[in-house]
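Q: One structure, as structure tokens, below. Some questions next.
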Amino acid sequence: MKVENNELPSVVYKYRTWCDQKHQRILTHNELYYAPPSSFGDHHECYLEMDYDSFNDKDIMDSCYYLASQIPNKSKNEIQNIAAHLFQNN
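Using the working numbering, the final residue of the sequence shown is 106, and nothing's skipped along the way.
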């Protein structure tokens, strides 16, 4: 990044070292980096307190509907279709 005339970007993100090809790819391919849980400082950061074995179809469909409802600018019908697709492919 080149800064001219003291113009700074409004947002700066922390990525990683530019020497690492994987870290470069984040920027050059517009990707996200998800760190493995083993690299976290606190092993509880990634721990989900859910008993997935106790989920029934209604619980799963409710979760799919919730996820689909988080997509902006979707009609109720579109949300239902997305939720059904997620449910069928879980």
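Backbone N, C-alpha and C fix where the C-beta goes; we use that ideal spot for every residue, glycine too.
By DSSP, does C35 sit in helix, in strand, or in coil?
A: As a first step, residue 35 must be located in the sequence shown, where it is residue number 19. Looking at C35 - three-state DSSP - the assignment turns out to be coil, as it is neither helix nor strand.
Q: If I measure Cβ to Cβ from S55 and keep anything under 6 Å in the same chain, skipping five residues before and after, which residues do I get?
A: Looking up residue 55 in the sequence shown gives position 39. Answer for S55: no residue qualifies.
Q: Excluding the five sequence neighbours on either side, which residues of its own chain have a C-beta within less than 7 Å of the C-beta of T33, listed in chain order?
A: Taking the sequence shown and counting its residues from 1, one reaches residue 33 at position 17. If we look at T33 and ignore the five residues flanking it on each side, its Cβ neighbours are H39.
Q: Counting Cβ pairs closer than 8 Å, one from the stretch 82-90 and one from the stretch 60-69, do we hit at least three?
A: Too few Cβ pairs lie closer than 8 Å, so no.
Q: Expressed to the nearest angstrom, what Euclidean distance is found between the alpha-carbon atoms of E47 and S70?
A: Looking up residue 47 in the sequence shown gives position 31. Looking up residue 70 in the sequence shown gives position 54. For E47 and S70, the distance between alpha carbons rounds to 34 Å.
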